[in-house]
Amino acid sequence: MGQSGTKWSKVGELSMLVGSYNHKLDSKGRTVLPARFRGELGSSIVATIGVDRCIALYPVSRWEELILKLKDLSSFKKKTRDFRRVLLSMATELEIDGSGRILIPSGLREYAVIDQEVTLIGLEDHLEIWDSIRWEEQRSGVLMDFSDLAEDLEGI
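Residue numbers for the sequence shown follow the UniProt record's numbering, so the first one is 1 and each next one is one higher.
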């Protein structure tokens, strides 16, 4: 299985989940979370849909922070209501078993068009799970424009 990155690196008090790891789903729809991540995630995580048709995995504490931010948004705006409804209705808490596996619900697998090969990527405070072929297409496209993206993010 391919991998890159490290578990969590500390920058001051900020923890960052980084790296990418390739795994397979088993016949039950389970995948293994990289050992480097498990100690920091606790015994359960929250899974929901991610943008760009992937699955987002949040440590419970980070999910709670996200929920508080969502509560602050106006429920009078249709886009806010729609976003909250879909994000929250597709969210589920997943237990991490003794072997470090999670069972990805079929609805989330269908949304993310996940077949067998998956790539888990760290995004500072949460993980994303992608179908490996779709992730490579996404990553390749972004790499082609990486210099332009960096220029647009002036001031980092």
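Cβ atoms here follow ideal geometry from the backbone N, Cα and C, with glycine treated the same way.
The continuous stretches of beta strand (DSSP E) do not include Glu124, and DSSP gives it neither H nor E. Between the segment 42-52 and the segment 93-104, the count of C-beta pairs closer than 8 Å reaches three or more; the two stretches touch. Lys69 carries a helical assignment under DSSP once its states are collapsed to helix, strand and coil. Cβ atoms of Val118 and Trp130 come within 8 Å of each other, at about 7 Å.
Going by beta carbons, His126 and Arg30 fall outside the 7 Å limit. Of the residues Cys54, Gln116, Gly122, Gln138, the one whose Cα lies closest to the Cα of Lys24 is Gln116.
Secondary-structure assignment with DSSP links Asp131 through a beta bridge to Val118.
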